[in-house]
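Beneath this line is the structure, given in structure tokens, with notes to follow.
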Amino acid sequence: MKKLEELSVQEKLRLICGKDNWHTEDFGGKLESISVSDGPVGLRTMKETDGEWTTIPAVAFPSVEVLANTWNIELAKGMGEALADECYDRSVDILLAPGVNIKRDARNGRNFEYFSEDPVVAGEMAKAYIMGVQGRGIGVCLKHFLCNNLEDDRLHQSSDVDERTLREIYYRPFEIACEAKPVSVMCSYNRINGVYASENRKGFKVLREEFGFDGAIISDWFAVRNRAKSAMAGLDLEMPFSPENYEQLKADYEAGKLTDEALDACAGRVLSLISRCKKMQEGKGAVLSVEERKERARAVAAEGMVLLKNEGVLPLSEGAKLAVSGMYAAPGKENLNMLAGGGSSQVEWLEPEFDLPARLKERGFAVLFEGAVGFNRPEFLRHDGRRALLQASESEVSIVCVGTGAFVEYEDGDRERLHLALAQERLIREVAAHSAHTVVVLFAGAAVEMNEWADNVDAILFAGFPGMGGDAVIADILSGKINPSGKLTESFPYFYEDCPVCQLTSKIGVTRYKEGLDVGYRFYDGGIPVRFPFGHGLSYSAFNYSGLSLKAEGQEVAVRLFVENDSARAGKEVVEVYVRECAPLVYRPQKELKAFAKPIVSAYGSVPVELKLKFKDFAHWSTGEDRWVADDGVYEILVGASAEDIRLKGKVKLEDGKFTVLK
Ligand code: BGC
């Protein structure tokens, strides 16, 4: 039984409702069923023993925000491949990932699961991830469509967004990711302009008719309010099975509220999803050993950690005497959720070990360790602060490990503020006051306010939620074995109050996206200083940019330049290309990222970098014409090492749809 014509109406109604929590309906074995599981940073499958459900341990990858900070397309693809292999081991057909929601608000409890405040970075990294997973034959479910940018009240609130902002900021990462042909998309819980995401007929039409999406649309878990209405809008599969919704659906069908045409369309797409997934797997299977998958996780951590500040203390001198403090350095098996965000993406670590002091000792350092301060919640704060201070005063360098974790950053809730716990801030300040040099290693999934301590310390390494093997990666970065190359994919403001969304008034139940296009650096570019800008990250190498040449190639502009390494260390450098329209006819942000590359440059070497800007990279969404329009005019091309560190500039003129380069 594989064809739509072979299904009765009752069977079709049943098929579009899912079988249980994680499977599609199989009619007692008459139809193949597919199995789905979370994502995005490790596989979360469950098993039942004596009526008790537990999570099966899996390889824990760094958080998506660390992956994004690599700006490395190959690593995103490689992580996708390793995750697909994990799926084969557990007979999972679809990984419920990746999520490409824009980091509109730094407080969003789920920012650690998302890529960026910028739609191009989010879209391109997600596209590569999808190509990795699906290239191996496992399906993905791109989520959460659409405008689920805060967690508080996510089941009810409506995101009120104008069409241009939707197109340029919130749809855009989905549009780019759809180029990788995801087999499914997951709708979110919230409403968009008053309409539930599960009934977002307009959005589903854009996905299918404009973004070339040819898969099935699946609901977020329990996001369907009215199954008939959602099916009429084009939501193909409700997950998980809800007996009440199913009974209501049957009654609504009888009452003529669901047409046969809409039912056939949904059931047909569920059937296609099942056969497509099975076909994709033909002749394929897991390729990497568990050891190789762990290596992929470490590779992401190695390029995704961001050296935010370094006043010369890093890399550490060989054999230095170190005082490590803060429980995050070695939280113990039972506290690994200090090193991850919480919710459906949380993975049970296959190897529940994280011990930075041990990894530093292995690398020849003399290490004293005192946990001193732990969880970012008062009931867990543990002090043996005096010991930490004594150790700091007798060491050459203090390493203070602080952060957030699953108690602070989690699904279904947002952070109230962006600071660390007061006790952690105090630990940093006091250790810094007793130390010759202080390095802060920060474990978090999103921006953190640092006003109380950033100026007191010599170096800050943003380790993110580093995943399994992250302790060794941090030790390698601190010791200099790994040359850091991550850059931020979200701005770190000085104060939450500086954020574009902070001053906006929202009513209960309604979030107005009044800042429009001015999300993240698009807003700060208007003259609001930030602690660390979008695109910022330091290296142990010193890079120079030179020789910008622009070449108009029909509807494209080729951007060429050289990156030179003026140091004795090989390193990788993220090169960011922004476009600014001079004298636009409509409001446009100061500049917008349109392309990026990450070349490796040998010691004292130089490499050519070439990037392509397409016509659409110059366009805005015209609400006057309901399409992308690039107006005739002059455009500046800005090549930078961060949004605030523009190194090279050039200009092109667009006239009658053709580019010419201006000298
Ligand atoms: C989350 C999804 C997740 C699903 C299944 C929902 O609560 O929003 O991201 O895939 O649960 O666990």
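Residue 0 is where the sequence shown starts when you use numbering that gives the first Met the number 0, and the numbers rise one by one after that. By construction, the Cβ of each residue, glycine as well, lies at the ideal position given by its N, Cα and C atoms.
Heavy atom of the ligand ATP within 7 Å of Glu310 beta-carbon: Only the ligand BGC can be found as ligands here, which leaves the ligand ATP out of the picture.
Touch test, the stretch 72-87 against the stretch 448-460, Cβ-Cβ under 8 Å, three pairs minimum: Three or more Cβ pairs closer than 8 Å define a contact, and the stretch 72-87 falls short of that threshold against the stretch 448-460.
Distance cut-off 7 Å: Glu410 Cβ against heavy atoms of the ligand BGC: Taking the first residue of the sequence shown as position 1, residue 410 is located at position 411. Within the cutoff, so yes.
Classification of Arg202 by the beta-carbon crowding that lies within 10 angstroms, buried from 16 upward: Counting from 1 along the sequence shown, the entry for residue 202 is found at position 203. Sequence check: residue 202 is Gly here, not Arg. Answer is buried; the Cβ neighbour count reaches 16.
Selection from Ile101, Ser187 and Met279 that minimises the alpha carbon distance to Asp92: Taking the first residue of the sequence shown as position 1, residue 92 is located at position 93. For Asp92, the nearest C-alpha among the options comes from Met279.
Cβ pair count under 8 Å reaching 3, the stretch 195-211 against the stretch 244-251: The stretch 195-211 is not in contact with the stretch 244-251.
Closest residue to Leu270 among Lys283, Ser183, Leu74 and Lys590 (Cα-Cα distance): Residue 270 sits at position 271 when you count from the first residue of the sequence shown. Nearest of Lys283, Ser183, Leu74 and Lys590 to Leu270, Cα basis: Ser183.
Length of the line joining the Cα atoms of Arg362 and Gln390: As a working note, residue 362 is residue 363 in the sequence shown. As a working note, residue 390 is residue 391 in the sequence shown. Looking at the two C-alpha atoms, the distance is approximately 19 Å.
Tyr603 classed as buried or exposed, judged by whether at least 16 other C-beta atoms fall within 10 angstroms: Against the sequence shown, residue 603 aligns to sequence position 604. Exposed, because fewer than 16 other Cβ atoms sit within 10 Å of the Cβ of Tyr603.
Cβ distance (whole Å) where Glu112 is taken to contact Ile101 below 8 Å: Mapped onto the sequence shown, residue 112 falls at position 113. Mapped onto the sequence shown, residue 101 falls at position 102. At roughly 12 Å, the Cβ-Cβ gap does not stay under 8 Å, so Glu112 and Ile101 are not in contact.
Gly98 - partner residues in DSSP beta bridges: As a working mapping, residue 98 is identified with position 99 in the sequence shown. DSSP, once it has assigned bridges, lists Lys142 as partnering Gly98.
Buried/exposed call for Leu321, threshold 16 Cβ in 10 Å: What you label residue 321 is simply residue 322 of the sequence shown in a count that begins at 1. Classification of Leu321: buried, given that the 10 Å Cβ count is 16 or more.
Selected residue, minimal CA-CA separation from Leu42, among Glu64, Leu74, His22 and Gly79: Position 43 of the sequence shown holds residue 42. Comparing Cα positions, the closest option is Gly79.
Whole-angstrom distance between Gly469 and Ala67, CA atom to CA atom: Sequence index remark: in the sequence shown, residue 67 carries index 68 (1-based). Sequence index remark: in the sequence shown, residue 469 carries index 470 (1-based). If you take the alpha carbons of Ala67 and Gly469, they lie about 16 Å apart.
First through last residue of the alpha helix (DSSP H) which encompasses Ala301: Counting from 1 along the sequence shown, the entry for residue 301 is found at position 302. Ala301 -> alpha helix (DSSP H) spans Val289 to Gly303.
Inter-residue spacing [alpha-carbon to alpha-carbon] between Ala329 and Arg358: For the purposes of this step, residue 329 is identified with residue 330 of the sequence shown, where counting begins at 1. For the purposes of this step, residue 358 is identified with residue 359 of the sequence shown, where counting begins at 1. Distance between the alpha carbons of Ala329 and Arg358 is about 10 Å.
For Leu270, the first and last residue of its enclosing alpha helix (DSSP H): Position 271 of the sequence shown, counted from the start, is the residue given in the question as residue 270. Start and end: Asp259 to Gln280.
The stretch 336-354 / the stretch 476-496 touching (three or more Cβ pairs under 8 Å): Contact between the stretch 336-354 and the stretch 476-496 is absent, because fewer than three Cβ pairs lie under 8 Å.
Same chain, Cβ closer than 7 Å to Arg668, neighbours up to 5 away in sequence not counted: Nothing can be reported for residue 668: it is not among the residues displayed for the chain, which extend from 0 to 662.
Residue burial classification, Thr622 (beta-carbon count within 10 angstroms, cutoff 16): As a first step, residue 622 is located in the sequence shown; it is residue number 623 there, counting from the start. Counting Cβ neighbours within 10 Å, Thr622 comes out exposed, since fewer than 16 surround it.
Ser343 CB to nearest heavy atom of the ligand BGC below 7 Å: Counting from one through the sequence shown, the residue named residue 343 turns up at place 344. Yes - the ligand BGC has a heavy atom lying nearer than 7 Å to the Cβ of Ser343.
Burial state of Leu95 (16 or more Cβ within 10 Å): One-based indexing of the sequence shown puts residue 95 at position 96. The residue in question, Leu95, is buried, as its Cβ has 16 or more Cβ neighbours within 10 Å.
Buried versus exposed call for Arg376 [16 or more other C-beta atoms within 10 Å across all chains shown]: Stepping through the sequence shown from its first residue, residue 376 is reached at position 377. Low confidence applies here, because Arg376 scores a pLDDT of 47, under 50, leaving its location unreliable; read the following figure in that light. By the neighbour-count criterion, in which a residue is buried when 16 or more other Cβ atoms sit within 10 angstroms of its Cβ, Arg376 is exposed.
Proximity to Thr437 [Cα-Cα], best of Val447, Leu426, Leu262 and Glu575: On the sequence shown, position 438 is the one that residue 437 refers to. When each option's Cα is compared against that of Thr437, the closest is Leu426.
Stretch pair the stretch 31-49 + the stretch 247-257: three plus CB contacts closer than 8 Å: Contact between the stretch 31-49 and the stretch 247-257 is absent: fewer than three C-beta pairs spanning the two stretches fall below 8 Å.
Alpha-carbon to alpha-carbon, Leu145 and Leu248: The residue you call residue 248 lines up with position 249 of the sequence shown. The residue you call residue 145 lines up with position 146 of the sequence shown. As the crow flies, the alpha-carbon of Leu248 is around 24 Å from that of Leu145.
Inter-residue CB distance, Leu441 and Glu302 (contact presumed, cutoff 8 Å): Start at 1 with the first residue of the sequence shown, and residue 441 comes out as number 442. Start at 1 with the first residue of the sequence shown, and residue 302 comes out as number 303. About 17 Å separates the CB atoms of Leu441 and Glu302; that is not less than 8 Å, and the two are not in contact.
Contacts around Glu654, its chain only, beta-carbon distance under 6 Å, and the 5 residues preceding and following it disregarded: Here residue 654 corresponds to residue number 655 of the sequence shown, with the count starting at 1. Hits under 6 Å: Asp631.
Neighbourhood of Gly214 by C-beta distance below 7 Å, restricted to the same chain and skipping five residues each side: Sequence index remark: in the sequence shown, residue 214 carries index 215 (1-based). Contacts found: Pro181, Val182, Ser183, Val184 and Leu272.
Where the beta strand (DSSP E) containing Asp470 begins and where it ends: The residue given as residue 470 occupies position 471 in the sequence shown. Boundaries for Asp470: no beta strand (DSSP E) harbours it, while the alpha helix (DSSP H) harbouring it runs Gly469 to Ser478, taken from the DSSP string.
Between the CA atoms of Leu421 and Gly136 - distance to the nearest angstrom: Residue numbering aside, residue 136 sits at position 137 when the sequence shown is read from its first letter. Residue numbering aside, residue 421 sits at position 422 when the sequence shown is read from its first letter. Approximately 47 Å, taken between the alpha carbons.
Inter-residue Cα distance where the pair is Gly311 and Ile33: By 1-based counting over the sequence shown, the position of residue 311 is 312. By 1-based counting over the sequence shown, the position of residue 33 is 34. Those two C-alpha atoms are separated by around 54 Å.
Best match in Leu287, Ala222, Val562 and Pro532 for proximity to Gly546 [C-alpha to C-alpha]: Position 547 of the sequence shown, counted from the first residue, corresponds to residue 546. Closest option to Gly546, Cα to Cα, is Val562.
Near the ligand BGC: Trp220 beta-carbon under 7 Å from a heavy atom: Taking the sequence shown and counting its residues from 1, one reaches residue 220 at position 221. It does: the Cβ of Trp220 is within 7 Å (strictly closer) of some heavy atom of the ligand BGC.
Option in Tyr169, Ala319 and Thr164 with minimal Cα separation from Asn148: If you number the sequence shown from 1, residue 148 lands on position 149. Comparing Cα-Cα distances from Asn148 to each of Tyr169, Ala319 and Thr164, the minimum goes to Tyr169.
Presumed contact (8 Å Cβ cut-off) between Val638 and Val556, rounded CB distance: Start at 1 with the first residue of the sequence shown, and residue 638 comes out as number 639. Start at 1 with the first residue of the sequence shown, and residue 556 comes out as number 557. That belief does not hold up - the Cβ atoms of Val638 and Val556 are roughly 12 Å apart, past 8 Å.
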